[in-house]
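J.: Structure below; questions to follow.
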Amino acid sequence: MNSVTITCFLVSAAVLLFTSAYSVTSTTTFLIQNNCSYTIWAAASPGGGKQLISGQRWLLPADGSTTGHIWARTGCSFNESGYGGCQTGDCGGLLNCHQNAQGSPPYTLAEYTVNGFGSKDFFDISLVNGFNLPMEFGPIPSSSNGCTQLVECSADINAECPRELRVLGGCNNPCSSSGSNCGPSNYTTFFKDRCPNAYSYPLDDANTTFTCPTGTNYKVVFCPSNAVLRNLTVFIRMRVVVLNNCCTNGS
């Protein structure tokens, strides 16, 4: 093997090594976790869908520069072929959502762009399509590249939802049918007051979009622990009120 051949071989090997390294570092992983006490059906566009029993996780890769959405579906029933439907977040009656699929409102939505402008990732939680489950979205500490950004919507919105917006399993946002023309209103204020870090209408405060360096891996948690504790506290308070009323009425 002469010197020219050796040089060409080394250059080719270096290019291959660089390309392989870039492919690895440009892959972002989303850890989707169900902390709810019941089964949900996670959905991702792109990515498909997966049933998650309580405590189960789903690792979802996102290669290169990708814009996508992650949400949870509730009250679902599918046959062995993956056809059926859900009370909230349904994506065309399919367990495995199609590419670029959108859910049927209401549903809490995680939005992201990886490897975006300035080698940054952009992510947010949106309530523009309503709310069905509490959610937490942020970097996994072990791969955060020093990023500590975290967005959550852990309020019990379903329990407080205005009567005219209530549906089975969720709370509608009128913006889901109004599109980009939807602006601030008493209804969007209802969502904003309870989840100030989430989008409540399409052109909401820019501070509701968060960033981390490209190469960060993320977690999307449904029913995060603080939401579970908050709902448990509400339940305990309700029990105390009921018991007090019983004791008072019985005396």
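Counting with mature numbering (1 follows the signal peptide of the UniProt record, and there is no 0), you get residues -21 to -1, 1 to 230 for the letters of the sequence shown.
Where is the CB? At the ideal position from N, CA and C, for every residue including glycine.
Quick caveat, the model's predicted, so the values are computed rather than measured.
Buried or exposed for V220, going by 16 or more other Cβ atoms inside 10 Å?
T.: The pLDDT assigned to V220 is 35, lower than 50, so where the model puts this residue is not dependable; a value taken from the coordinates is nonetheless given after this. Flag for V220 reads exposed.
J.: Could you tell me the boundaries of the alpha helix (DSSP H) in which T92 lies?
T.: Per DSSP, T92 belongs to no alpha helix (DSSP H); it is in the beta strand (DSSP E), L88 to V93.
J.: Taking only the alpha-carbon atoms, compute the straight-line gap between L73 and F57 and give it to the nearest angstrom.
T.: Whole-angstrom Cα-Cα distance: 8 Å.
J.: Within its chain, find whatever has a CB closer than 8 Å to the CB of D172; leave out the 5 residues flanking it on each side and keep chain order.
T.: The answer is none, since no qualifying residue turns up.
J.: Three Cβ pairs or more, each shorter than 8 Å: is that satisfied between the region 143 to 155 and the region 88 to 104?
T.: Counting Cβ pairs under 8 Å, fewer than three are found: no touch.
J.: In the DSSP assignment, find the unbroken alpha helix (DSSP H) run with I136 in it and report its ends.
T.: Where I136 is concerned, the enclosing alpha helix (DSSP H) stretches over I136 to E139.
J.: For L52, report the span of its beta strand (DSSP E) as first-last.
T.: The displayed chain sequence assigns Arg, not Leu, to residue 52. Residues T45 to R52.
J.: Quick one: is S44 buried, meaning 16 or more other Cβ sit within 10 Å of its Cβ, or exposed?
T.: Exposed.
J.: Is it right to say G27 is buried, meaning 16 or more other beta carbons lie within 10 angstroms of its own, or is it exposed?
T.: Flag for G27 reads buried.
J.: What are the start and end residues of the beta strand (DSSP E) that includes T190?
T.: Looking at the DSSP string, the run of the beta strand (DSSP E) that includes T190 is F189 to P192.
J.: What residue from C132, P192 and R52 has the CA that sits closest to S179's CA?
T.: The residue with the shortest Cα to Cα distance from S179 is C132.
J.: S83 and H48 look like a contact to me (Cβ under 8 Å); what is the Cβ gap, rounded to whole Å?
T.: Not really, about 13 Å apart at Cβ, beyond 8 Å.
J.: Tell me whether the beta-carbon of A134 lies closer than 7 Å to the beta-carbon of C174.
T.: Yes, these two residues count as a Cβ contact at 7 Å.
J.: Who are Y62's beta bridge partners in DSSP?
T.: L73.
J.: Which residues bound the alpha helix (DSSP H) around D172?
T.: Counting along the chain, the alpha helix (DSSP H) containing D172 begins and ends at N165 to R173.
J.: Note the first and the last residue of the continuous beta strand (DSSP E) segment covering C132.
T.: Element bounds for C132: V130 to C132.
J.: Per DSSP, which one or two residues make a beta bridge with E115?
T.: Per DSSP, E131 and V200.
J.: I need the straight-line Cα distance from L38 to I19, nearest angstrom please.
T.: Taking the straight line from one Cα to the other gives about 15 Å.
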